[in-house]
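Notes follow once the structure below has been shown.
Residue numbers (my numbering), protein chains in the order written: chain S, 197 to 309; chain V, 1406 to 1518.
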């Protein structure tokens, strides 16, 4: 079956530090890959996505590249802000799976001023 | 205008009671979902409907019964509540069954005493 493995948290960084949250996946076929962000007290919202190999998704200074050879989709940001403190979820969606997305366990990021 | 809205946002109730959570989406999407998020932030899919038809029914106790009166609404009724049902329940929708990107509501926090 499909699975997503994320870097365990929590992650604590100082403002302006570089962020990497690792994500690797197992899936049959060619899945689409996503990063969702959940701010405190809110629902998940899409941060970025990539639908095919070598695609780079980007939004709000965050980036992730779909690497088929390493089955990875690592999230990066060059300089984090306090407002980036949230839980980040890596997810995949594969055709033929009745629309069921597979989520990682989430990584909690805290950015300190 | 909220895209996916859930009510109520908070429920506090006693063990053994029955409760319902309602969800509506105004995005014109065909597919809707219920997810459960536990205290460790793990997300687990419970149900999915596509055009009012049940397509995903994960291993969920029979006490949980979803109902989709039309494709814009998906409600969740829970009978005989137990302590372990305490969680945040998220409704979500997607354009279609295999389109991947999910739009989440803000969540309904259920506390069973």
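Glycine included, every Cβ here is placed at the ideal spot set by N, Cα and C.
Specify the secondary structure class of residue 233(S) as computed by DSSP and reduced to three states.
strand
Below 8 Å on C-beta distance, what does residue 268(S) contact in chain V?
Per Cβ cutoff of 8 Å: no residues; residue 268(S) is ~18 Å from chain V at best.
Which residues in the same chain have their Cβ closer than 7 Å to the Cβ of residue 235(S), if we skip the five residues on either side of it in sequence?
282
Please list the terminal residues of the continuous beta strand (DSSP E) segment that includes residue 1474(V).
1469 to 1475
Are the C-beta of residue 238(S) and some C-beta of chain V separated by less than 7 Å?
yes
N- and C-terminal bounds of the beta strand (DSSP E) containing residue 253(S):
252 to 255
Since residue 290(S) and residue 223(S) are thought to touch, with beta carbons under 8 Å apart, how far apart are those beta carbons, to the nearest angstrom?
5 Å
Is residue 1448(V) a contact residue of the ligand COA, with contact defined as CB to any heavy atom under 6 Å?
Within the structure as shown, the ligand COA is missing, as the structure has no ligands at all.
Give the interface partners of residue 283(S) over in chain V, defined as CB-CB distance under 9 Å, in chain order.
1446
So what does DSSP say about residue 276(S), is it helix, strand or coil?
coil
In the structure shown, what three-state DSSP assignment does residue 1488(V) receive?
helix
Let's see if you can read the secondary structure: which residues bound the beta strand (DSSP E) around residue 1410(V)?
1409 to 1412
Between 261(S), 304(S), 206(S), 288(S), which lies nearest to residue 197(S) when the distance is taken from Cα to Cα?
288(S)
Within 7 Å, strictly: CB atoms of residue 1484(V) and residue 1435(V)
Not closer than 7 Å, so no.
Using the DSSP secondary-structure output, state which residues sit across from residue 1482(V) in a beta bridge.
1425(V), 1470(V)
Distance, Cα to Cα, residue 230(S) vs residue 1516(V)?
30 Å
Beta-carbon separation of residue 303(S) and residue 202(S) under 7 Å?
yes
Specify the secondary structure class of residue 1465(V) as computed by DSSP and reduced to three states.
coil
Could you name the residues of the region 1447 to 1460 of chain V whose beta carbon sits closer than 9 Å to any beta carbon of chain S, in the order they occur along the chain?
1447, 1448, 1449, 1450, 1453, 1455, 1460
What's the gap between the Cα of residue 264(S) and the Cα of residue 227(S)?
10 Å
Do residue 1478(V) and residue 1470(V) have their C-beta atoms within less than 7 Å of each other?
no
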